[in-house]
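Encoded as structure tokens, the structure appears first; notes follow it.
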Amino acid sequence: MNPREPHTHQYIAAFAIATLLFFSGLWFGSYLSDQKLESIGDLENDIRLSTLGSELQYQILEQEPCAASNSTALIKELFEIGSRLDFMESQRGPKDPQVIELKEFYHLLEIRHWLLMRQVKEQCSTNTDLILYFYSNEGDCDKCSEQGTILTYLHRTRPDISIYSFDINIDNPALTALKELFKVRSTPTLIVNDKKFESFTSLEELQSQLS
Amino acid sequence: MNNLFIYIVTYISLFLTCFFLLTYFENRHRLKNPPAKKLYTVTIAVPVYNGAKYLRRTVDSLLALDYPREKLDIIIVDDGSTDDTLRIAKSYEKKGVRVLTQKNAGKGDALNNALKHAKGELFGCLDVDSFVEPNALKEMMGYFDNPKVMAVTPSLKVYHPKTILQRVQAIEFLMGVYLRKAFAFLGSIHVTPGPFTIYRKKFFDKYGGYDNHNLTEDIEIALRIQSHHYLIENAINASVYTMGVSNFKALLRQRLRWYKGFIDNVLNYSHLFSKKYGNLGLFILPSSFLSVLLAVIVVTWGTIRFIGHSFQAFQDLRAINFDLLSLLQKPQLFYISIDPLFILSIIAIALAITTVLIAKKLSQEKQKLKISYIYFMFTYLLLFSFWWIIAMYYRITGKKIRWGGRDL
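Going down the list, the sequences are from chains A and B.
Read in order, the letters of the first sequence correspond to residues 40 to 250 in this note's numbering.
Read in order, the letters of the second sequence correspond to residues 231 to 638 in this note's numbering.
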């Protein structure tokens, strides 16, 4: 038999095996990726419980409300979730519905924590620095990457600062209210201790605003 | 370009790998070379230009072939060397080796010169930077009992790779060993390596000798054989060793010649892209071109992306006065990218390693190549695409390459 003659069954078998391998790989990769997302969900639940605990502690200890103000560990955890969500977003894309859902919940946790910290700051007259950072990752913010790196750097070098980052494209009533409160119209926007910076803010300028 | 394109490329790679593995599986009973019913008379030409350094080893390996000496005709063609080549060549005359001399005119001319004087029913050549294993010729003979077979290719491997580039070539050549056998099973060998491919001499008598105006005369012969509907076989355990090119510039020059030669020849024989030529026309040649095209696109896209990311990373680091240490944190398993593409890449790498291991086993290769796999994995696609881009540039712009004393 002429070896040049195409063996149709061989082409079909190769197609079947390649398809099987391809979809098995896709399924297994997605499964592992989903497991990672689930771990972020678990972390978020832990934070939710911790924040709720802090709020309750704050309400119970009416005589000494400032005892609830030490929440550096919580801020660290929040930041860790933010980093993990960023990583998952880079892996699965900004339009991944599961990532968006987790980010929405994450933003609610951040707002809730920020409100608590602001209340503590006012009533206990502490010098805690609070930074709100509004960014966009839809390709319309050239300077957001640099701004994000500066804030990560600040977080690593000054863990006492509370930094909350928000994706302005997330559609959520609480985030909309926050954006309206500070009239956020562009990215990057920073609210440093209630003072607004509507464009890229350098490390030096940021440091000069901190206590 | 988004991930969809990468998934398509991955799928095509998986399909091709599975197809070739299945080809092996289907033909496993034909892996052994057919026993030789007849030992043909064979002329082996050694074209040499300033090859004094390696000539002795090359000719000695031919003289050490496990083959009846009276059926073996060895011709050294000195292509106008200016070093000690001719003197060394002449020293072999007392051992029955014939020596021809000519003005420097290139390898193709030297081979045609040897063809004119060849006494054998079969004809082959051995480059001066190569040498053969003693069993090589005998292992190839059985295939010539089929009158449709016009050429038999050996397994070409890199001898004792030392530099990174030689190690990369060692794995590349083993992949070539694997693919050439698969192509043989499909009747689709379209490159007959210069060193020690043995041809039936009557093919040259009937259809002319080597095309000495060709950048890759071995590819031209292979395509000419295919276009006349003859067969080319492969004896996977007939080992020929060559010295890998050790420096980047020389390797680029070699690949430029090979790849531009491949493009030129395939375009000259474009009629082979037809169902008349079965697997070769319908699948092997188109998939060769598709693989090159996809590799070039993926690497170009990856390089542009890498440059973009590097620039952004530089900007980011500049914003924090390059205080990189403060950004570092304990490595965490979480940040290792495990997604579908990662899993598919693992599958593809596992299959690629399998193919090299098969080639290593079947060609009875004993050299240790563990480190070479690592160099290969990290550099080959980049090098391969780079060579092809330059070759395409030369082809599109019509730039010439100097080869055999001519601009081709």
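Even glycine gets a Cβ: it sits at the ideal position worked out from N, Cα and C.
Query	Result
So, are the CB atoms of ARG328 of chain B and MET380 of chain B less than 9 Å apart?	no
Rounded to the nearest angstrom, what separates PRO212 of chain A and THR609 of chain B at their Cα positions?	50 Å
Mind listing the chain C neighbours of GLY538 of chain B? Cutoff is C-beta to C-beta under 9 Å, in chain order.	No chain C is part of this structure, whose protein chains are labelled A and B.
I want to verify the contact list: residues of chain A whose CB lies under 8 Å from the CB of THR585 of chain B, in sequence order.	Within chain A, no residue comes near THR585 of chain B; the closest Cβ sits about 14 Å away, beyond 8 Å.
When Cβ atoms are compared, which residues of the region 496 to 521 of chain B fall closer than 9 Å to chain A?	LYS505, TYR507, GLY508, ASN509, LEU510, GLY511, LEU512 and PHE513
Threshold first: 4 residues or longer. Then list the alpha helix (DSSP H) segments lying entirely within the region 76 to 164 of chain A, N to C.	111 to 131 and 136 to 163
In the DSSP assignment, find the unbroken beta strand (DSSP E) run with LYS479 of chain B in it and report its ends.	Where LYS479 of chain B is concerned, there is no enclosing beta strand (DSSP E), although the alpha helix (DSSP H) it sits in stretches over 478 to 498.
Would you mind sorting THR533 of chain B into buried or exposed? The rule is 16 or more other CB atoms within 10 Å of its CB.	exposed
In chain A, which residues lie with their C-beta within 8 Å of the C-beta of GLU256 of chain B?	HIS46 and GLN49
Using 8 Å as the cut-off, can you tell me whether the region 423 to 439 of chain B makes contact with the region 473 to 493 of chain B, which would need three or more C-beta pairs spanning the two stretches below that distance?	no
Could you tell me how far apart the beta carbons of ASN509 of chain B and PRO45 of chain A are, in whole angstroms, since I believe they sit closer than 8 Å?	5 Å
At a CB-CB cut-off below 7 Å, which residues of chain A make contact with PRO561 of chain B?	Ordered by position in chain A, no residue passes the 7 Å Cβ test against PRO561 of chain B, which lies about 13 Å from the chain.
Determine whether the Cβ of ILE189 of chain A lies closer than 9 Å to any Cβ atom of chain B.	yes
Closest by CA to GLY68 of chain A, which one among B:ILE626, B:TYR623 and B:PHE572?	B:PHE572
So GLN545 of chain B contacts chain A; which residues on that side make the cut at Cβ distance below 8 Å?	SER184 and GLU185
I'd like to know whether the C-beta of GLY417 of chain B is nearer than 9 Å to at least one C-beta of chain A.	yes
Once the 5 residues before and after LEU82 of chain A are set aside, which same chain residues still bring their CB inside 6 Å of it?	ILE120
Taking the straight line between their C-alpha atoms, what separation do you get for LYS337 of chain B and ASN495 of chain B?	17 Å
Measure the CB-CB distance between TRP633 of chain B and VAL526 of chain B and report whether it falls below 9 Å.	no
Give the straight-line distance between the Cα atoms of PRO264 of chain B and ILE601 of chain B, rounded to the nearest whole angstrom.	35 Å
With burial defined as no fewer than 16 other Cβ atoms inside 10 Å of the residue's Cβ, what is the status of HIS458 of chain B: buried or exposed?	exposed
With a cut-off of 8 Å, do at least 3 Cβ pairs link the region 497 to 508 of chain B to the region 130 to 144 of chain A?	no
Report buried or exposed for THR312 of chain B, applying the criterion of at least 16 other Cβ atoms within 10 angstroms of its Cβ.	exposed
What residues in its chain sit with their C-beta under 7 Å from that of PHE434 of chain B, if we drop five residues either side in the sequence?	LEU345 and PHE353
Looking at the structure shown, is LYS301 of chain B part of a helix, part of a strand, or coil, going by DSSP?	helix
Where DSSP assigns a beta bridge to PRO391 of chain B, which residues make up the other side?	According to DSSP, PRO391 of chain B bridges with nothing at all.
How would you label GLU369 of chain B, buried or exposed, when you count the other beta carbons within 10 angstroms and need 16 or more for buried?	buried
Work out the CA separation of LEU193 of chain A and TYR203 of chain A for me, nearest whole Å.	12 Å
Which stretch, first to last residue, makes up the beta strand (DSSP E) that contains VAL362 of chain B?	360 to 362
Quick one: is ILE550 of chain B near chain A, going by C-beta distance under 9 Å?	yes
Counting only Cβ-Cβ distances shorter than 7 Å, please list the residues of the region 193 to 226 of chain A near chain B, keeping chain order.	ARG195 and THR196
Do you know whose CA, among B:GLY538, B:ILE274 and B:LEU252, lies nearest PHE415 of chain B's CA?	B:LEU252
According to DSSP, is CYS355 of chain B part of a helix, a strand, or is it coil?	strand
So does the region 392 to 404 of chain B actually touch the region 354 to 366 of chain B, counting three or more Cβ pairs closer than 8 Å?	no
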